[in-house]
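Notes to accompany the following structure.
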Amino acid sequence: MSEALDTLREQWLTALAAELPGAVQLRRDLHQTPELSGAEAGTAKRVAEAMGIEITPVADTGGYGRIGPRTGPSVGLRGELDALPVAEATGLDWSSTNGAMHACGHDVHLAALTAVVRAARGLELPYALVPLLQPREEAYPSGARDIEEAGVLGAQRVAHVIGVHVHPGVALGAVSTGAGFVNAEAGELEIEVAGQGGHGAYPHAGADVAAAVAQIVMGLPEMLRRIVDPMEPVVISVGTIQVGNGAANVLPDHGRILATIRTTGPDTTERLVEAISRFVAAQAAAYDCTGTLRHTEGEPALINDHELVEVLDTEIERAGLQPTEPMRSLGADDFSFFSEVVPSAMCFVGVRSAGKASLHDATFLPDDGALERVARTFIAGYLAACHRLETEGASRE
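What follows is the structure, given as C-alpha coordinates:
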(Lines of atoms letter the chains of each structure in order from A; the text may use other names.)
(Lines give C-alpha, C1' and ligand atoms only; values in the text may rest on other atoms or scores of the structure.)
Protein backbone atom coordinates (compact mmCIF):
# COMPACT_ATOMS: atom_id res chain seq x y z
CA MET A 30 0.00 0.00 0.00
CA SER A 31 2.81 2.43 0.84
CA GLU A 32 4.26 2.14 -2.67
CA ALA A 33 0.82 2.73 -4.17
CA LEU A 34 0.36 5.81 -2.00
CA ASP A 35 3.77 7.12 -3.07
CA THR A 36 2.65 6.86 -6.69
CA LEU A 37 -0.70 8.48 -5.88
CA ARG A 38 1.02 11.36 -4.09
CA GLU A 39 3.28 12.03 -7.07
CA GLN A 40 0.39 11.92 -9.53
CA TRP A 41 -1.84 14.09 -7.35
CA LEU A 42 0.75 16.81 -6.77
CA THR A 43 1.47 16.91 -10.49
CA ALA A 44 -2.22 17.23 -11.31
CA LEU A 45 -2.60 19.87 -8.59
CA ALA A 46 -0.09 22.18 -10.29
CA ALA A 47 -2.36 22.44 -13.32
CA GLU A 48 -5.33 23.43 -11.13
CA LEU A 49 -3.65 26.19 -9.13
CA PRO A 50 -4.16 29.08 -11.60
CA GLY A 51 -7.89 28.39 -11.59
CA ALA A 52 -7.83 28.13 -7.80
CA VAL A 53 -6.28 31.60 -7.55
CA GLN A 54 -9.10 33.07 -9.64
CA LEU A 55 -11.73 31.17 -7.66
CA ARG A 56 -10.24 32.47 -4.41
CA ARG A 57 -10.53 36.04 -5.68
CA ASP A 58 -14.10 35.51 -6.83
CA LEU A 59 -15.08 34.11 -3.44
CA HIS A 60 -13.21 36.86 -1.63
CA GLN A 61 -15.01 39.54 -3.61
CA THR A 62 -18.48 38.09 -2.97
CA PRO A 63 -18.47 36.78 0.63
CA GLU A 64 -21.62 35.54 2.35
CA LEU A 65 -22.34 35.55 6.06
CA SER A 66 -23.12 32.52 8.20
CA GLY A 67 -26.46 30.98 7.24
CA ALA A 68 -26.56 32.77 3.89
CA GLU A 69 -23.86 30.87 1.99
CA ALA A 70 -26.00 29.31 -0.75
CA GLY A 71 -24.28 31.29 -3.50
CA THR A 72 -20.82 30.35 -2.24
CA ALA A 73 -21.74 26.66 -2.05
CA LYS A 74 -23.13 26.77 -5.61
CA ARG A 75 -20.02 28.51 -6.94
CA VAL A 76 -17.68 25.99 -5.29
CA ALA A 77 -19.77 23.01 -6.41
CA GLU A 78 -19.67 24.25 -10.02
CA ALA A 79 -15.91 24.75 -9.82
CA MET A 80 -15.35 21.27 -8.37
CA GLY A 81 -17.30 19.74 -11.23
CA ILE A 82 -18.83 16.98 -9.10
CA GLU A 83 -22.30 16.31 -7.74
CA ILE A 84 -22.87 18.04 -4.40
CA THR A 85 -25.73 16.92 -2.15
CA PRO A 86 -27.30 19.71 -0.05
CA VAL A 87 -27.09 19.44 3.74
CA ALA A 88 -27.40 21.73 6.76
CA ASP A 89 -29.47 24.31 4.83
CA THR A 90 -26.71 26.05 2.86
CA GLY A 91 -24.00 23.38 2.99
CA GLY A 92 -23.26 20.32 0.92
CA TYR A 93 -21.07 17.26 0.45
CA GLY A 94 -19.78 15.18 -2.44
CA ARG A 95 -17.99 11.91 -3.04
CA ILE A 96 -15.33 10.91 -5.56
CA GLY A 97 -13.48 7.62 -5.83
CA PRO A 98 -15.00 4.28 -4.79
CA ARG A 99 -18.79 4.46 -4.53
CA THR A 100 -18.83 2.15 -1.52
CA GLY A 101 -16.59 1.52 1.47
CA PRO A 102 -14.82 3.85 3.91
CA SER A 103 -14.03 7.42 2.97
CA VAL A 104 -11.97 10.40 4.10
CA GLY A 105 -13.65 13.76 4.69
CA LEU A 106 -11.98 17.06 3.82
CA ARG A 107 -13.69 20.09 5.38
CA GLY A 108 -13.98 23.54 3.78
CA GLU A 109 -15.85 26.42 5.47
CA LEU A 110 -18.28 28.51 3.42
CA ASP A 111 -19.00 31.55 5.57
CA ALA A 112 -17.46 34.99 5.93
CA LEU A 113 -17.43 37.45 8.83
CA PRO A 114 -19.39 40.70 9.38
CA VAL A 115 -16.21 42.75 8.85
CA ALA A 116 -15.86 45.73 6.49
CA GLU A 117 -12.77 44.97 4.43
CA ALA A 118 -9.86 47.43 4.50
CA THR A 119 -7.27 45.74 2.27
CA GLY A 120 -7.63 48.18 -0.62
CA LEU A 121 -7.61 45.37 -3.20
CA ASP A 122 -9.28 45.76 -6.56
CA TRP A 123 -10.96 42.43 -5.73
CA SER A 124 -11.94 43.30 -2.19
CA SER A 125 -15.44 42.85 -0.81
CA THR A 126 -17.75 45.84 -0.75
CA ASN A 127 -20.85 44.27 0.84
CA GLY A 128 -19.90 44.65 4.52
CA ALA A 129 -18.79 41.03 4.86
CA MET A 130 -15.24 39.69 4.50
CA HIS A 131 -13.31 36.44 4.30
CA ALA A 132 -11.10 37.67 7.14
CA CYS A 133 -10.41 34.14 8.41
CA GLY A 134 -9.10 32.57 5.21
CA HIS A 135 -12.16 30.50 4.31
CA ASP A 136 -11.87 31.67 0.69
CA VAL A 137 -8.37 30.16 0.61
CA HIS A 138 -9.55 26.89 2.15
CA LEU A 139 -12.42 26.53 -0.32
CA ALA A 140 -10.32 27.34 -3.39
CA ALA A 141 -7.55 24.95 -2.28
CA LEU A 142 -10.06 22.18 -1.56
CA THR A 143 -11.58 22.72 -5.00
CA ALA A 144 -8.16 22.35 -6.63
CA VAL A 145 -7.53 19.15 -4.65
CA VAL A 146 -10.87 17.65 -5.72
CA ARG A 147 -10.42 18.64 -9.37
CA ALA A 148 -6.90 17.17 -9.39
CA ALA A 149 -8.18 13.92 -7.86
CA ARG A 150 -10.97 13.33 -10.39
CA GLY A 151 -8.70 11.51 -12.83
CA LEU A 152 -6.86 9.47 -10.18
CA GLU A 153 -7.51 6.02 -8.79
CA LEU A 154 -8.22 6.67 -5.12
CA PRO A 155 -8.00 3.72 -2.71
CA TYR A 156 -10.75 5.20 -0.55
CA ALA A 157 -13.41 7.74 -1.40
CA LEU A 158 -12.79 11.44 -0.84
CA VAL A 159 -15.75 13.31 0.64
CA PRO A 160 -15.53 17.12 0.41
CA LEU A 161 -17.59 18.68 3.22
CA LEU A 162 -18.76 22.19 2.32
CA GLN A 163 -19.62 23.39 5.78
CA PRO A 164 -21.80 26.41 6.56
CA ARG A 165 -21.87 28.46 9.77
CA GLU A 166 -18.39 27.90 11.16
CA GLU A 167 -18.33 31.48 12.45
CA ALA A 168 -21.77 31.52 14.10
CA TYR A 169 -24.28 29.36 15.92
CA PRO A 170 -26.04 27.07 15.29
CA SER A 171 -22.94 25.17 14.23
CA GLY A 172 -22.81 23.94 10.66
CA ALA A 173 -20.49 21.07 11.57
CA ARG A 174 -22.89 19.87 14.24
CA ASP A 175 -25.76 19.97 11.74
CA ILE A 176 -23.79 17.97 9.17
CA GLU A 177 -22.89 15.37 11.77
CA GLU A 178 -26.45 15.17 13.12
CA ALA A 179 -27.77 14.80 9.56
CA GLY A 180 -25.90 11.48 9.43
CA VAL A 181 -23.54 12.39 6.60
CA LEU A 182 -20.45 10.88 8.24
CA GLY A 183 -22.22 7.60 8.90
CA ALA A 184 -23.94 7.37 5.51
CA GLN A 185 -20.67 8.07 3.67
CA ARG A 186 -18.68 5.83 6.04
CA VAL A 187 -16.29 8.70 6.79
CA ALA A 188 -13.49 7.15 8.85
CA HIS A 189 -11.39 10.31 9.32
CA VAL A 190 -11.89 14.03 8.70
CA ILE A 191 -9.09 16.46 7.86
CA GLY A 192 -9.35 20.19 8.50
CA VAL A 193 -6.86 22.77 7.24
CA HIS A 194 -6.75 26.38 8.40
CA VAL A 195 -4.39 29.22 7.50
CA HIS A 196 -2.69 30.93 10.43
CA PRO A 197 -0.28 33.89 10.53
CA GLY A 198 1.15 32.60 13.80
CA VAL A 199 2.75 29.65 11.99
CA ALA A 200 5.94 30.14 9.99
CA LEU A 201 5.71 30.35 6.22
CA GLY A 202 6.15 26.87 4.73
CA ALA A 203 5.36 25.16 8.02
CA VAL A 204 2.29 23.20 9.12
CA SER A 205 1.28 22.74 12.74
CA THR A 206 -0.67 19.65 13.78
CA GLY A 207 -0.05 18.24 17.26
CA ALA A 208 -1.79 15.30 18.91
CA GLY A 209 -4.32 15.82 21.68
CA PHE A 210 -5.85 19.13 22.75
CA VAL A 211 -5.76 21.81 20.04
CA ASN A 212 -8.66 24.22 20.62
CA ALA A 213 -10.93 25.06 23.51
CA GLU A 214 -14.44 24.14 24.41
CA ALA A 215 -16.35 27.35 23.79
CA GLY A 216 -19.67 28.88 24.70
CA GLU A 217 -21.46 32.18 25.13
CA LEU A 218 -22.67 33.96 28.25
CA GLU A 219 -25.61 36.35 28.26
CA ILE A 220 -26.02 38.32 31.47
CA GLU A 221 -29.19 40.34 32.10
CA VAL A 222 -29.38 42.96 34.84
CA ALA A 223 -32.68 44.67 35.72
CA GLY A 224 -33.71 47.28 38.29
CA GLN A 225 -35.78 50.37 38.92
CA GLY A 226 -35.01 53.14 36.47
CA GLY A 227 -35.19 56.81 37.31
CA HIS A 228 -33.80 60.33 37.05
CA GLY A 229 -30.06 60.92 37.20
CA ALA A 230 -30.57 63.74 39.72
CA TYR A 231 -32.33 61.39 42.17
CA PRO A 232 -30.29 58.15 42.17
CA HIS A 233 -31.60 57.25 45.61
CA ALA A 234 -35.06 56.83 44.13
CA GLY A 235 -34.01 54.07 41.75
CA ALA A 236 -31.54 51.25 41.28
CA ASP A 237 -28.17 51.73 39.60
CA VAL A 238 -28.24 49.21 36.76
CA ALA A 239 -25.30 50.83 34.96
CA ALA A 240 -23.07 50.54 38.03
CA ALA A 241 -24.12 46.93 38.57
CA VAL A 242 -23.26 46.07 34.98
CA ALA A 243 -19.88 47.77 35.28
CA GLN A 244 -19.11 45.97 38.53
CA ILE A 245 -19.93 42.59 36.99
CA VAL A 246 -17.75 43.23 33.93
CA MET A 247 -14.78 44.37 36.01
CA GLY A 248 -15.24 41.62 38.59
CA LEU A 249 -15.28 38.62 36.24
CA PRO A 250 -11.45 38.32 35.94
CA GLU A 251 -11.04 38.51 39.73
CA MET A 252 -13.72 35.87 40.21
CA LEU A 253 -11.87 33.52 37.82
CA ARG A 254 -8.61 34.08 39.71
CA ARG A 255 -10.24 32.83 42.90
CA ILE A 256 -11.92 29.78 41.39
CA VAL A 257 -9.63 28.35 38.72
CA ASP A 258 -6.18 26.86 39.22
CA PRO A 259 -3.67 29.29 37.64
CA MET A 260 -2.20 26.35 35.70
CA GLU A 261 -5.56 25.65 34.02
CA PRO A 262 -6.26 27.58 30.79
CA VAL A 263 -9.53 29.49 31.04
CA VAL A 264 -10.69 32.78 29.56
CA ILE A 265 -13.84 34.87 29.69
CA SER A 266 -13.90 37.89 27.39
CA VAL A 267 -16.69 40.46 27.29
CA GLY A 268 -17.63 41.45 23.76
CA THR A 269 -20.78 43.51 24.25
CA ILE A 270 -22.11 45.81 26.98
CA GLN A 271 -25.56 47.32 26.46
CA VAL A 272 -27.02 49.75 29.01
CA GLY A 273 -28.99 52.96 28.79
CA ASN A 274 -30.83 54.66 25.93
CA GLY A 275 -28.35 57.39 25.07
CA ALA A 276 -29.57 59.92 27.61
CA ALA A 277 -27.14 61.30 30.20
CA ASN A 278 -29.76 61.98 32.86
CA VAL A 279 -31.79 58.77 32.75
CA LEU A 280 -30.99 55.85 35.04
CA PRO A 281 -31.54 52.73 32.89
CA ASP A 282 -33.73 49.89 34.08
CA HIS A 283 -31.99 47.16 32.07
CA GLY A 284 -28.49 46.11 31.06
CA ARG A 285 -27.01 43.26 29.06
CA ILE A 286 -23.55 41.70 28.82
CA LEU A 287 -22.42 39.23 26.15
CA ALA A 288 -19.21 37.28 26.69
CA THR A 289 -17.38 34.23 25.40
CA ILE A 290 -16.13 31.50 27.74
CA ARG A 291 -13.30 29.16 26.77
CA THR A 292 -12.10 26.14 28.78
CA THR A 293 -10.39 22.80 28.20
CA GLY A 294 -13.39 20.65 29.03
CA PRO A 295 -17.00 20.34 30.22
CA ASP A 296 -16.23 19.83 33.92
CA THR A 297 -14.47 23.19 34.16
CA THR A 298 -17.19 24.90 32.13
CA GLU A 299 -19.97 23.58 34.35
CA ARG A 300 -18.16 24.66 37.52
CA LEU A 301 -17.52 28.13 36.14
CA VAL A 302 -21.05 28.70 34.87
CA GLU A 303 -22.45 27.86 38.30
CA ALA A 304 -19.99 30.23 39.98
CA ILE A 305 -20.65 33.05 37.50
CA SER A 306 -24.39 32.69 37.99
CA ARG A 307 -24.00 33.16 41.75
CA PHE A 308 -21.59 36.06 41.23
CA VAL A 309 -23.94 37.88 38.84
CA ALA A 310 -26.92 37.51 41.17
CA ALA A 311 -24.93 38.70 44.19
CA GLN A 312 -23.38 41.71 42.46
CA ALA A 313 -26.72 42.78 41.04
CA ALA A 314 -28.40 42.42 44.44
CA ALA A 315 -25.83 44.76 45.98
CA TYR A 316 -27.26 47.48 43.73
CA ASP A 317 -30.88 46.50 44.39
CA CYS A 318 -31.08 44.82 40.99
CA THR A 319 -31.66 41.31 39.72
CA GLY A 320 -29.02 39.50 37.68
CA THR A 321 -29.46 36.34 35.61
CA LEU A 322 -27.11 34.29 33.45
CA ARG A 323 -27.83 32.24 30.35
CA HIS A 324 -25.11 29.93 29.05
CA THR A 325 -25.20 28.74 25.43
CA GLU A 326 -23.05 25.71 24.74
CA GLY A 327 -20.82 26.02 21.70
CA GLU A 328 -18.08 23.78 20.36
CA PRO A 329 -16.53 20.94 22.36
CA ALA A 330 -12.76 20.88 22.75
CA LEU A 331 -10.97 20.02 19.51
CA ILE A 332 -8.79 16.92 19.93
CA ASN A 333 -6.38 15.71 17.23
CA ASP A 334 -6.06 11.94 17.00
CA HIS A 335 -2.61 10.73 18.14
CA GLU A 336 -2.16 7.91 15.60
CA LEU A 337 -3.41 9.98 12.70
CA VAL A 338 -1.13 12.94 13.52
CA GLU A 339 1.90 10.65 13.76
CA VAL A 340 1.42 9.56 10.14
CA LEU A 341 0.23 13.00 9.02
CA ASP A 342 3.45 14.76 10.03
CA THR A 343 5.39 12.34 7.83
CA GLU A 344 3.02 12.96 4.93
CA ILE A 345 3.35 16.72 5.37
CA GLU A 346 7.12 16.36 4.89
CA ARG A 347 6.57 14.23 1.81
CA ALA A 348 4.30 16.95 0.44
CA GLY A 349 7.20 19.42 0.58
CA LEU A 350 6.17 21.22 3.78
CA GLN A 351 7.68 21.36 7.26
CA PRO A 352 5.88 19.96 10.32
CA THR A 353 6.29 22.32 13.27
CA GLU A 354 5.42 22.66 16.93
CA PRO A 355 1.76 22.19 17.90
CA MET A 356 -0.22 25.40 18.09
CA ARG A 357 -2.64 24.98 20.98
CA SER A 358 -4.92 27.83 21.97
CA LEU A 359 -8.23 28.80 23.53
CA GLY A 360 -9.54 29.52 20.07
CA ALA A 361 -12.47 27.36 19.01
CA ASP A 362 -13.55 25.66 15.80
CA ASP A 363 -16.66 23.56 15.29
CA PHE A 364 -14.50 21.05 13.42
CA SER A 365 -14.50 19.48 16.91
CA PHE A 366 -18.00 18.11 16.22
CA PHE A 367 -16.35 15.90 13.58
CA SER A 368 -13.35 14.97 15.75
CA GLU A 369 -15.74 13.90 18.54
CA VAL A 370 -17.24 11.27 16.23
CA VAL A 371 -14.30 9.97 14.17
CA PRO A 372 -10.49 10.20 14.65
CA SER A 373 -9.59 13.46 12.92
CA ALA A 374 -6.92 16.12 12.63
CA MET A 375 -6.87 19.90 12.27
CA CYS A 376 -3.81 21.41 10.60
CA PHE A 377 -2.63 25.03 10.71
CA VAL A 378 -0.77 26.27 7.63
CA GLY A 379 1.61 29.20 7.95
CA VAL A 380 0.78 32.23 5.83
CA ARG A 381 2.08 35.73 5.19
CA SER A 382 -0.50 38.51 5.41
CA ALA A 383 -0.21 41.82 3.57
CA GLY A 384 -2.09 43.49 6.42
CA LYS A 385 -2.01 43.01 10.16
CA ALA A 386 -1.01 39.47 11.09
CA SER A 387 -4.30 38.66 12.77
CA LEU A 388 -7.27 36.49 11.92
CA HIS A 389 -10.58 38.39 11.74
CA ASP A 390 -8.80 41.69 11.09
CA ALA A 391 -10.12 43.93 8.31
CA THR A 392 -6.70 43.87 6.60
CA PHE A 393 -5.99 40.14 6.95
CA LEU A 394 -4.99 38.79 3.53
CA PRO A 395 -3.12 35.49 3.09
CA ASP A 396 -0.66 35.38 0.20
CA ASP A 397 -1.69 33.55 -2.99
CA GLY A 398 1.00 30.96 -2.27
CA ALA A 399 -1.14 29.82 0.65
CA LEU A 400 -3.44 28.09 -1.83
CA GLU A 401 -0.81 25.53 -2.80
CA ARG A 402 0.34 24.99 0.79
CA VAL A 403 -3.22 24.42 1.98
CA ALA A 404 -3.92 22.10 -0.96
CA ARG A 405 -0.77 20.07 -0.30
CA THR A 406 -1.79 19.76 3.34
CA PHE A 407 -5.24 18.46 2.36
CA ILE A 408 -3.57 15.84 0.17
CA ALA A 409 -1.19 14.90 2.99
CA GLY A 410 -4.17 14.52 5.30
CA TYR A 411 -6.02 12.25 2.89
CA LEU A 412 -2.95 10.04 2.41
CA ALA A 413 -2.33 9.86 6.17
CA ALA A 414 -5.92 8.73 6.64
CA CYS A 415 -5.38 6.05 4.00
CA HIS A 416 -2.35 4.80 5.95
CA ARG A 417 -4.50 4.59 9.08
CA LEU A 418 -7.27 2.73 7.28
CA GLU A 419 -4.79 0.18 5.93
CA THR A 420 -3.22 -0.23 9.37
CA GLU A 421 -6.66 -0.74 10.87
CA GLY A 422 -7.40 -3.36 8.22
CA ALA A 423 -10.42 -1.49 6.90
CA SER A 424 -12.29 -3.23 4.14
CA ARG A 425 -12.70 -1.28 0.92
CA GLU A 426 -16.20 -2.65 0.47
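The sequence shown begins at 30 in my numbering and counts up by one. Idealized CB from N, CA, C, for every residue including glycine.
May I ask which residues mark the beginning and end of the alpha helix (DSSP H) holding Glu-166?
-> Taken as a continuous stretch (DSSP letters only), Glu-166 belongs to no alpha helix (DSSP H), as it is neither H nor E.
Glu-69 in three-state terms, based on DSSP = Judged by DSSP in its simplified three-state form, Glu-69 adopts coil rather than helix or strand.
Short Cβ contact (8 Å threshold) for Gly-67 with Ala-168 = yes
In the structure shown, what three-state DSSP assignment does Leu-113 receive?
-> strand
According to DSSP, is His-196 helix, strand or coil?
-> strand
Beta carbon of Leu-249, beta carbon of Leu-161: below 8 Å?
-> Taking 8 Å as the Cβ cut-off, Leu-249 and Leu-161 do not qualify as a contacting pair.
Run of the alpha helix (DSSP H) containing His-60, from where it starts to where it stops | 31 to 61
Tell me whether Leu-158 sits in a helix, a strand or coil according to DSSP, three-state version.
-> strand
Could you give the C-beta distance for Ala-148 and Ala-44, rounded to a whole number, given that I count them as a contact under 8 Å?
-> 4 Å
Grouping DSSP H, G and I as helix and E and B as strand, with all else coil, what is Gln-91?
-> For clarity, residue 91 is Gly in the given sequence; the question names Gln instead. Here Gly-91 sits in strand by DSSP.
From Val-302 to Phe-393, what does the alpha carbon distance come to, in whole angstroms?
-> Looking at the two C-alpha atoms, the distance is approximately 34 Å.
Fully enclosed by the stretch 281 to 338, which alpha helix (DSSP H) runs are 4 residues long or longer?
-> Entirely contained in the stretch 281 to 338, the alpha helix (DSSP H) runs reaching 4 residues are, in chain order, 295 to 314.
Quick one: what does DSSP say Ile-270 is sitting in, helix, strand or coil?
-> strand
Residues that Ile-96 bridges to, as DSSP identifies them | Answer is Leu-158.
Thinking C-beta only, is Gly-209 closer than 8 Å to Val-279?
-> For Val-279 and Gly-209, no; Cβs fall outside 8 Å.
Tell whether a beta-carbon distance below 8 Å holds between Pro-164 and Gly-91.
-> yes
Kindly list the residues whose CB is nearer than 7 Å to the CB of Arg-323, restricted to its own chain and excluding five residues on each side of it in sequence; keep chain order.
-> Same-chain partners within the cutoff: Glu-219.
Beta-bridge partners of His-416, as assigned by DSSP = In the DSSP assignment, His-416 forms no beta bridge with any residue.
Distance, His-196 Cα to Ala-188 Cα = Between Ala-188 and His-196, the C-alpha separation is close to 26 Å.
Pull up the CB-CB distance for Ala-391 and Ala-116, whole angstroms please, since I reckon it's below 8 Å.
-> Cβ-Cβ separation between Ala-391 and Ala-116: approximately 6 Å, consistent with a contact (criterion under 8 Å).
Report the partner residues of Phe-393 according to the DSSP bridge assignment.
-> None; Phe-393 has no bridge partner.
Are the stretch 371 to 380 and the stretch 393 to 411 touching by the rule of at least three beta carbon pairs closer than 8 Å?
-> Short answer: they touch.
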